[in-house]
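Numbering (this note's numbering), first residue to last: 386 to 568.
All C-beta atoms, glycine included, are put in the ideal place defined by N, C-alpha and C.
No experiment lies behind these values; they were computed from the predicted model shown.
Following: one structure in structure tokens, then a few remarks.
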């Protein structure tokens with residue numbers, strides 16, 4: 386297993402010099418014995434409890450500022466509720482679209498991982514607990530063979546928790562050249 390280090394409740398400085406609070410920050414390293422060693426992956430997250438509408442506009446703005454300060458970092462949005470509210474879903478969908486548009490030849494897009502109580506309180510990985518949860522999550526699980534990376538986890542949780550279709554995911558992941566449809 387790759388090395389993994391984390392800290393909770395961290396204050397970082399944004400590109401504009403303002404303080405940015407994050408609930409957790411983690412570094413996932415690659416195997417140091419590998420000949421193809423890679424830089425560690427940064428993971429920054431916001432956690433919510435059971436509140437009806439936890440992810441507000443200010444939270445989304447702060448996550449964007451953290452992503453701008455940490456290019457290539459994975460953003461995690463986690464809640465103990467079994468599903469995001471309609472309002473949270475709309476805000477998180479906008480964050481995901483924004484993140485996918487941040488790609489450039491020198492930078493990966495900002496990928497967003499979404500976790501709910503279904504994932505966080507289960508004894509098994511998302512694909513297996515989603516099958517048990519039934520409904521839309523079970524449908525996504527049935528069409529997912531493996532989650533082998535944080536990027537895979539981001540894409541699967543975007544479909545599972547925010548209900549992005551296969552077509553929407555494809556347009557975000559592989560935008561056509563010269564096309565400006567703001568996904």
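For residue 520, count neighbouring Cβ atoms within 10 angstroms of its own Cβ and tell me buried if that reaches 16, exposed if not.
If you number the chain shown from 1, residue 520 lands on position 135. That one is exposed.
With 16 other CB atoms within 10 Å as the buried threshold, where does residue 561 fall? For the purposes of this step, residue 561 is taken as the residue at position 176 of the chain shown. Residue 561 comes out exposed.
Taking the beta strand (DSSP E) that residue 428 belongs to, which residues open and close that run? Reading the chain shown from its first residue, position 43 is the one you call residue 428. For residue 428, the uninterrupted beta strand (DSSP E) run begins and ends at 426-433, by DSSP.
Cutting at 7 Å between CB atoms, please list the residues of its own chain near residue 539, excluding the five before and the five after it. As a first step, residue 539 must be located in the chain shown, where it is residue number 154. Within the same chain, 459, 496, 497, 498 come within 7 Å of residue 539 by CB-CB distance, once the 5 residues on both sides are set aside.
### Query
Roughly how many angstroms lie between the CA atoms of residue 490 and residue 432, to the nearest whole one?
Within the chain shown, numbered from 1, the residue matching residue 490 stands at position 105. Within the chain shown, numbered from 1, the residue matching residue 432 stands at position 47. In a straight line, the C-alpha of residue 490 is about 31 Å away from that of residue 432.
- Simplified DSSP assignment, three categories, for residue 406: One-based indexing of the chain shown puts residue 406 at position 21. If DSSP states are grouped into helix, strand and coil, residue 406 belongs with the strands.
Bridge partners of residue 462, per DSSP?
Looking up residue 462 in the chain shown gives position 77. Answer by DSSP bridge pairing, in chain order: 431, 499.
Practice problem: Starting from the Cα of residue 401, find the closest Cα among 553, 513, 454, 467 and give me that residue. | Solution: Position 16 of the chain shown, counted from the start, is the residue given in the question as residue 401. Looking at the Cα atoms, 454 is the closest of the given residues.
query = For residue 541, which residues from the same chain have a beta carbon less than 8 Å from its beta carbon, with the 5 sequence-adjacent residues on both sides left out?
reply = Along the chain shown, one-based indexing puts residue 541 at 156. Counting only Cβ-Cβ distances below 8 Å, and skipping sequence neighbours, we find 511, 512, 525, 529, 532.
Practice prompt. Give the secondary structure of residue 559 by DSSP, where H, G and I count as helix, E and B as strand, and everything else as coil.
Written response: For the purposes of this step, residue 559 is identified with residue 174 of the chain shown, where counting begins at 1. Of the three classes helix, strand and coil, the one that applies to residue 559 here is coil, per DSSP.
| task | Measure the alpha-carbon distance for residue 488 versus residue 555 and round it to whole angstroms. | result | For the purposes of this step, residue 488 is identified with residue 103 of the chain shown, where counting begins at 1. For the purposes of this step, residue 555 is identified with residue 170 of the chain shown, where counting begins at 1. A straight-line Cα-Cα distance of about 14 Å links residue 488 and residue 555.
message: If I measure Cβ to Cβ from residue 478 and keep anything under 8 Å in the same chain, skipping five residues before and after, which residues do I get?
response: Numbered from its first residue, the chain shown carries residue 478 at position 93. Around residue 478: 547, 549.
key: Rounded C-alpha distance that separates residue 428 from residue 452   = Position 43 of the chain shown, counting from 1, holds the residue named residue 428. Position 67 of the chain shown, counting from 1, holds the residue named residue 452. When rounded, the distance between both Cα atoms is 10 Å.
If we ignore side chains and look at the alpha-carbon of each, how far apart do residue 537 and residue 558 end up?
-> For the purposes of this step, residue 537 is identified with residue 152 of the chain shown, where counting begins at 1. For the purposes of this step, residue 558 is identified with residue 173 of the chain shown, where counting begins at 1. So the two alpha carbons sit approximately 12 Å from each other.
Test item: CB-CB of residue 449 and residue 535 under 8 Å:
Taking the chain shown and counting its residues from 1, the one referred to as residue 449 is at position 64. Taking the chain shown and counting its residues from 1, the one referred to as residue 535 is at position 150. Contact flag unset, no.
Q. When DSSP labels each residue in this structure, what does residue 506 get in the three-state scheme?
A. Within the chain shown, the letter at position 121 stands for residue 506. In the structure shown, residue 506 sits in coil (DSSP, three-state: anything other than H, G, I, E or B).
What number of angstroms, rounded off, separates the C-alpha of residue 388 from the C-alpha of residue 425? As a working mapping, residue 388 is identified with position 3 in the chain shown. As a working mapping, residue 425 is identified with position 40 in the chain shown. Near 9 Å, if we compare the C-alpha coordinates of residue 425 and residue 388.
Q. What three-state label does DSSP hand residue 390 in the structure shown?
A. As a working mapping, residue 390 is identified with position 5 in the chain shown. Three-state DSSP puts residue 390 in a strand.
Review point. Hey, quick one: how far does the alpha helix (DSSP H) through residue 455 stretch, first residue to last?
Key: By 1-based counting over the chain shown, the position of residue 455 is 70. Per DSSP, residue 455 belongs to no alpha helix (DSSP H) and is neither H nor E.
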